[in-house]
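Number of protein chains: 6
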Amino acid sequence: MKSFPTFMIEPLVRDALKEDLGRAGDITSQLLVPKEAVLKASIRARQEGVLAGFDAACLAFKLMDPDILIESHKKDGDKVARGEPMAFFSGNARAMLAAERTALNFLSHLSGIATLTSRYVQAVKPFNTRLCCTRKTTPLLRAMEKKAVLAGGGHNHRFGLDDAVLIKDNHVAIAGSLRDAVTRVREGAGHMVKIALEVDTIGQLYEALDLPVDVVMLDNMTVDLLCEAVALIAGRFVTEASGGVTLDNVKEIASSGVNCISVGALTHSAPILDFGLDHGI
Amino acid sequence: MKSFPTFMIEPLVRDALKEDLGRAGDITSQLLVPKEAVLKASIRARQEGVLAGFDAACLAFKLMDPDILIESHKKDGDKVARGEPMAFFSGNARAMLAAERTALNFLSHLSGIATLTSRYVQAVKPFNTRLCCTRKTTPLLRAMEKKAVLAGGGHNHRFGLDDAVLIKDNHVAIAGSLRDAVTRVREGAGHMVKIALEVDTIGQLYEALDLPVDVVMLDNMTVDLLCEAVALIAGRFVTEASGGVTLDNVKEIASSGVNCISVGALTHSAPILDFGLDHGI
Amino acid sequence: MKSFPTFMIEPLVRDALKEDLGRAGDITSQLLVPKEAVLKASIRARQEGVLAGFDAACLAFKLMDPDILIESHKKDGDKVARGEPMAFFSGNARAMLAAERTALNFLSHLSGIATLTSRYVQAVKPFNTRLCCTRKTTPLLRAMEKKAVLAGGGHNHRFGLDDAVLIKDNHVAIAGSLRDAVTRVREGAGHMVKIALEVDTIGQLYEALDLPVDVVMLDNMTVDLLCEAVALIAGRFVTEASGGVTLDNVKEIASSGVNCISVGALTHSAPILDFGLDHGI
Amino acid sequence: MKSFPTFMIEPLVRDALKEDLGRAGDITSQLLVPKEAVLKASIRARQEGVLAGFDAACLAFKLMDPDILIESHKKDGDKVARGEPMAFFSGNARAMLAAERTALNFLSHLSGIATLTSRYVQAVKPFNTRLCCTRKTTPLLRAMEKKAVLAGGGHNHRFGLDDAVLIKDNHVAIAGSLRDAVTRVREGAGHMVKIALEVDTIGQLYEALDLPVDVVMLDNMTVDLLCEAVALIAGRFVTEASGGVTLDNVKEIASSGVNCISVGALTHSAPILDFGLDHGI
Amino acid sequence: MKSFPTFMIEPLVRDALKEDLGRAGDITSQLLVPKEAVLKASIRARQEGVLAGFDAACLAFKLMDPDILIESHKKDGDKVARGEPMAFFSGNARAMLAAERTALNFLSHLSGIATLTSRYVQAVKPFNTRLCCTRKTTPLLRAMEKKAVLAGGGHNHRFGLDDAVLIKDNHVAIAGSLRDAVTRVREGAGHMVKIALEVDTIGQLYEALDLPVDVVMLDNMTVDLLCEAVALIAGRFVTEASGGVTLDNVKEIASSGVNCISVGALTHSAPILDFGLDHGI
Amino acid sequence: MKSFPTFMIEPLVRDALKEDLGRAGDITSQLLVPKEAVLKASIRARQEGVLAGFDAACLAFKLMDPDILIESHKKDGDKVARGEPMAFFSGNARAMLAAERTALNFLSHLSGIATLTSRYVQAVKPFNTRLCCTRKTTPLLRAMEKKAVLAGGGHNHRFGLDDAVLIKDNHVAIAGSLRDAVTRVREGAGHMVKIALEVDTIGQLYEALDLPVDVVMLDNMTVDLLCEAVALIAGRFVTEASGGVTLDNVKEIASSGVNCISVGALTHSAPILDFGLDHGI
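Taken in order, these protein sequences are the chains called A, B, C, D, E and F.
When you line the first sequence up against our numbering, it's residues -5 to 275, in that order.
When you line the second sequence up against our numbering, it's residues -5 to 275, in that order.
When you line the third sequence up against our numbering, it's residues -5 to 275, in that order.
When you line the fourth sequence up against our numbering, it's residues -5 to 275, in that order.
When you line the fifth sequence up against our numbering, it's residues -5 to 275, in that order.
When you line the sixth sequence up against our numbering, it's residues -5 to 275, in that order.
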């Protein structure tokens, strides 16, 4: 059992391969590599980091040719050292050359996210704080990117607009007041759905203190205000800090005692972790 | 006529919306926003940069509700200043809130690529050098990312394995020699297909000088070697430098006189350009 | 703004039309109805009930011909009397005849669910109890059926395996104990995810009383046991009764004071609400 | 060779699994069940009935993990006793728990249809009458439901609008007369297409007696009228009774001597046949 | 109302456009034609023939840009003279140039089929014989090609394996005898399904004369044998000649008195009818 | 490694099977062939020709039942003699009968193209001329048809509008002059993209002689003019003749010394190569 059942990521890997193969396929290899030639290769990280997207990378090879053999002792979430081989492949040379770039694109992108996440997680280690991703994900890759965040030691926020309620300022404006908004949501939302409330000021927080919500998202507050807010809330709600979080300030934010910190950059601005395919092992 | 005909990007935008809407849709707005409420909003850049992905962002709104009105004087490739509104939207409030994140995710990701590209292009401006992207793109977004590179003033390399030949070292190893590889490709490739040859050393280049290829890719060479190579080639081939290019060294590489420089980071490691939706205009 | 944005239900309605049109389309009408003939028709309920699936029914007509006019003052959740017209249609006769059965199949199936739900809801009206559907839905129609339950006055339980945790006996067996299971879930689950625990006996409930779960599902308990459980829980958790619920016993179950009752039959065994298309209005 | 080749039902089973797994999959099992844990389980009917949909149920497990083993001596159309195990499964525990609800939803829905069909078939057993389903099927499940009707001993009517002609009153109205309608259809319809004519009264039937149709559908007639009609027709056409058929009156209708009776309720209002998955066999 | 509702052919036209546009679209026009330039053009036949596929051709333009205007007094089945304009188009130049080849490919292929069909139909005109296509169609285009046969004045045989029974020699071999095969089919097949029987010799025909089939397909018989067979059958069955039919012998075959002649070449070997797009009208 | 990786042609073969199987599948075999019956069969050409489409034909069988065994020593591009068996199949009888027509339709259509191509190639054999296909392909089958042209010994022109530039007269008209058009394309087109220019007269050719294009397409010129053009060009460009090419005149055209001749008829008007499935080997 892998991170995803194959049938869920197959359409994505298939479409990614099609982007690269186009209509005519790998014309260079068709002209230069004999039909039955066999290749051995290994994938190595060119930088230290945390692995993610291994399923998708393997599937790229398997879709080109199910007979390609893959050997590995690594899995998503494992650390890789610079130059360390993470998997060995052997099989039809044309198929392997055709799959190479697509496999590496998945692996590099998702391991980049896992690696960046692990840096944030490392930074808040002294504190009992969760590091969460947001809905600011790369279009079409949300589920994979959220798994990559888990691989890096982070946690997932809601997956989309449908699996939890998050009441923001414009919702409150339409509803009339914090209290009215929360009351209407409480009545209407399913009993298996959590309710989070975004507050931007300590004043708003006072208004919210006796409302039946599960999570309070403290948006764009200074560390001082976060400390004040955490003290005021005193365990009534799960607390979450968001907005303007960077690798430089995340530790200080965590020191405020918030339960979670959410960081859009984990998924929207992580540079890749560089991997390469070395032929001939 | 937009960057893409709608039918080509609709499946991507549709699937991106589905990632966010899940099965139940935007449950918060369903509970708090009246069915017929109307919203006005503007999208503003929170940073200076170059716009890309505007078609996809608009389509996210239009798919939620074709009656949403969009007004804008901007288009892909335009510069945006920090805080400058790039488009005004008005329409059904539920539809607009549901489309918001998906629209911004496309816009931020693709404008991030256009913005980074424009920085590289700016850096090589004194020289007559083209800046090109590679096949190291985010899975499923290649065509959009390549348009974003154009929006940033860059050029596109081949789109995939099928629209041009690129002979690499492992192909040469299989074919026996540079000459054999090029000869076989010349004979077999269609007459509308360009042939590029990767060389890593000046020695290889000497071997290649009289071969009938269109482009020589000078891979991972120092600037000194690039200068030597350009002098040797003397206009016989289009020249392309690749490998290890950064914003710091791109100008010096361009000074070698190569025709093109290809940079994977344009598409695989560009941070987003931050955009936000301001309600109530 | 309708119950669903069109793009989300279009693939379902399109595929349902294809089931009926096959490869050759409505061959009877092609042979007997002139190409440009116009038809007027109304859809009427042949039984009293609650309307659901109106969006899908209308879309079936619009997909056949976007110029078909639809007039109606009804919407999902409205009651319909026997014989009452719920919508008037006019347009190309061939298109309308071809869409008729598909439109009615959606409408009848989903209104059947809304109508059965409304009967259960009516039965528990004296009590402050929510009536919920389950994951026992007709394959491929879950989102539509869950909306139909809302139209009938019911509530939705979790939408799938991914949007809430439900710890069942086999999970507990694997984890070792209730406490261990809940602890591990608490640590690992996202902070926006609710946790429900299934208990079958009062003994299990005692074990669970101080565990940090959100919902306790009291499975297959007699009304006496439910009363005892509700008293023991004393507001610590949201309570849900499940198993063996029928229209005959639902009121008595509600009298136990549980917060929610979940009923699989709402979606898996509701007979249709019969609708017909009357030609010539 | 199964009821359907796998490739024809795979898209349906795949989409049904996706409905349940959403984006994050079975989060409960991911947190509580070890990745490599193995489970044994059996599916048992909780009621007596007739089996249908076994292919789809098995495919739900196989799509989650092709290595799950399935052992069974049952097939669609077989009777199952209450509590009787119909199949044994063993394999990866996470995969099995994730597939369980989807598999049971297919099995219960389709076996419900087969079981109801078998009751109707049983009722008309003394007579030489066929029991047929209609086009009143659940959207997206028509082919599967029609197979379930066969499994229950019934027969299929036309599959859609394209594989046979059925002339109804509104067609006749447009054509001018029964005779004109039949003549035009005869001329235009393919020679491999059957033609059925709906008649509502004995008067209409007289008009139809010498027309070249294959089937006459006697719609909403009393048993007396059906007897009269059958006598009049005297073997000229295949006869079919339709409209208002229930388990209570189907035997009497059959006694009229009609060749076929069509019943919409078989597919649109059959309650499920309850199945459960028992863990640990 | 067109030959097909748009939603049924849109996926085909969309995929055909994608074949031609690839990932980057029409790069020549993007470089040379101003974004807002407008073009007028007409489609003209370069040969005399019969029109088919007009819906698909128009849809190719409309998918590129819904604002392209199309004016025409022609429809499928109409004759076109050499050089005669069949439709006028005006709209965005880039969109029109991008759609041109795809539109013409549909039009030319399908009109080629209609034109060839009309020649066969013309040849048998003195006789009361139907000209039918077979299942030997171009993969993925069957429904469109069958409509093109109708446009050419021909008729459709069964659409596939599922809408009529055709008993061939290998079926008979498995069943044991003609009589056994027909009996089993009669019992099992739906009452709305026609049954055809293939016979290769007059001996087989004698065996078949009192069997309850609807159609007898006389396969690969000489005209003399066909005459003998038609006389023997004497109106008991619909008769169909098949095998080895050409434009040269079809009239003689028709003179045998068979009801239908089926010709695979109509769909599998029709040369295109040449159309061109003339710019600037 | 086959001509295509399976995942690229599977959607086409799957959809082609669905065209033939419809909703109910092969009803004749379901009624007459026992579920577990086994069949042996061979595919034989009924005419001499060149094989293409073998992958797709095999996949049709494998999709019906992966256990069908296929034995063959032939591959695409091989010659087949009349009556020569090209492959032996054995497996489930129902599956094989259901796949038969779809498999043969792919094989016959694509081998028809390969066979016609080989005739053209044979005709120009005395000369060093390439025979190329065009974009005039059957909608949805372009990639397969282009492979079939390769199998027949021909070459591929550009695959679509996106992989090479072809400047035609209307582009020149919009750009103002040949020189302006070529200059703008040179500046804007990627460095991996070839540029072809269509010229219709010797006058135009003079204008083009010093322009930086890769290919000159000599459209609709007489053989005398082609000779003059080839002499004028004197190796500056790759030369291509197009327009009005037939099996009768292709050799004379080749004698002009052009490098390539492009022929639309290869893909748009090739009659099938007739194959049949012989049961019982």
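Using N, Cα and C, we set each Cβ at its ideal position, and we do this for glycine too.
Please read these numbers as outputs of a predicted model, since none were measured by experiment.
- From the listed residues D:5, D:118, D:51 and D:195, the smallest Cα separation to residue 242 of chain D is found for D:118.
- One Cα belongs to residue 55 of chain A, the other to residue 191 of chain F, and the distance between them is close to 40 Å.
- A buried status is given to residue 125 of chain B, since no fewer than 16 other beta-carbon atoms sit within 10 Å of its beta-carbon.
- Identification of chain C residues near residue 178 of chain D by a Cβ-Cβ cut-off of 8 Å yields 25 and 26, ordered along the chain.
- If you check each beta-carbon in the segment 127 to 155 of chain C against every beta-carbon of chain D, the ones closer than 8 Å belong to 129, 130, 131, 132, 133, 134, 135, 136, 137, 153, 154 and 155.
- Here residue 166 of chain F is not near residue 193 of chain F, since their CB atoms are 7 Å or more apart.
- For residue 266 of chain D, the secondary structure class from DSSP, reduced to helix, strand or coil, is coil.
- Contact annotation: residue 260 of chain B and residue 111 of chain B have beta-carbon atoms nearer than 7 Å.
- DSSP, read as helix, strand or coil, puts residue 94 of chain B in helix.
- Sorting B:197, B:106, B:114 and B:11 by C-alpha distance to the C-alpha of residue 240 of chain B places B:114 at the top.
- Spanning the alpha carbons of residue 81 of chain E and residue 157 of chain F requires a straight line of approximately 30 Å.
- With its beta carbon at least 7 Å from every one in chain B, residue 194 of chain A lies outside the interface.
- Residue contact with chain D for residue 48 of chain A: absent (no Cβ-Cβ distance below 7 Å to any residue of chain D).
- Within the same chain, Cβ atoms closer than 6 Å to the Cβ of residue 93 of chain D are found at 54, 55 and 58, the five residues on either side in sequence being excluded.
- In the same chain as residue 8 of chain C, and ignoring 5 residues on each side of it, the C-beta atoms closer than 8 Å to its own belong to 57, in chain order.
- Taking a Cβ-Cβ threshold of 8 Å, none of the residues of chain B is close to residue 76 of chain A; the smallest such distance is about 15 Å.
- Within the segment 42 to 116 of chain F, the complete alpha helix (DSSP H) segments of 4 residues or longer fall at 48 to 58, listed in chain order.
- Chain-ordered listing is empty here: chain B has no CB closer than 7 Å to the CB of residue 2 of chain E, the nearest sitting near 16 Å.
- When the alpha-carbon of residue 91 of chain E is set against those of E:245, E:148, E:11 and E:139, the nearest one is in E:11.
- Residue range 0 to 15 is occupied by the alpha helix (DSSP H) that includes residue 6 of chain B.
- Any Cβ of chain F closer than 7 Å to the Cβ of residue 57 of chain A would place that residue at the interface, and such an atom is present.
- For residue 221 of chain E, the enclosing alpha helix (DSSP H) covers residues 217 to 227.
- Any Cβ of chain A closer than 7 Å to the Cβ of residue 17 of chain D would place that residue at the interface, and such an atom is present.
- In this structure residue -3 of chain D does not touch residue 272 of chain D by the C-beta definition: roughly 25 Å separates them, more than the 8 Å allowed.
- Fewer than three beta-carbon pairs drawn from the segment 62 to 82 of chain A and the segment 13 to 27 of chain B are found closer than 8 Å, and the two stretches are therefore not classed as touching.
- Between the segment 120 to 135 of chain B and the segment 126 to 135 of chain A, the count of Cβ pairs shorter than 8 Å is three or higher; the stretches touch.
- Take the alpha-carbon of residue 96 of chain C and the one of residue 30 of chain E: they are about 42 Å apart.
- Here residue 103 of chain F is buried. Its C-beta has 16 or more other C-beta atoms within 10 Å.
- With fewer than 16 other Cβ atoms inside 10 Å of its own Cβ, residue 170 of chain F counts as exposed.
- The three-state reading of DSSP puts residue 124 of chain F in strand, counting E and B together.
- Non-local beta-carbon contacts of residue 246 of chain E in its own chain, meaning distances under 7 Å to residues more than five positions away in sequence, involve 217 in chain order.
- DSSP links residue 183 of chain D through a beta bridge to no other residue.
- Contact check between the segment 63 to 72 of chain F and the segment 224 to 238 of chain F: fewer than three CB pairs, one atom from each, fall below 8 Å, which does not count as touching.
- The Cβ atoms of residue 142 of chain E and residue 108 of chain E sit closer than 7 Å to each other.
- Distance from the Cα of residue 127 of chain D is smallest, within the candidate group D:178, D:144, D:186 and D:106, for D:144.
- Between residue 85 of chain C and the set C:262, C:34, C:27 and C:48, the nearest pair of CA atoms involves C:34.
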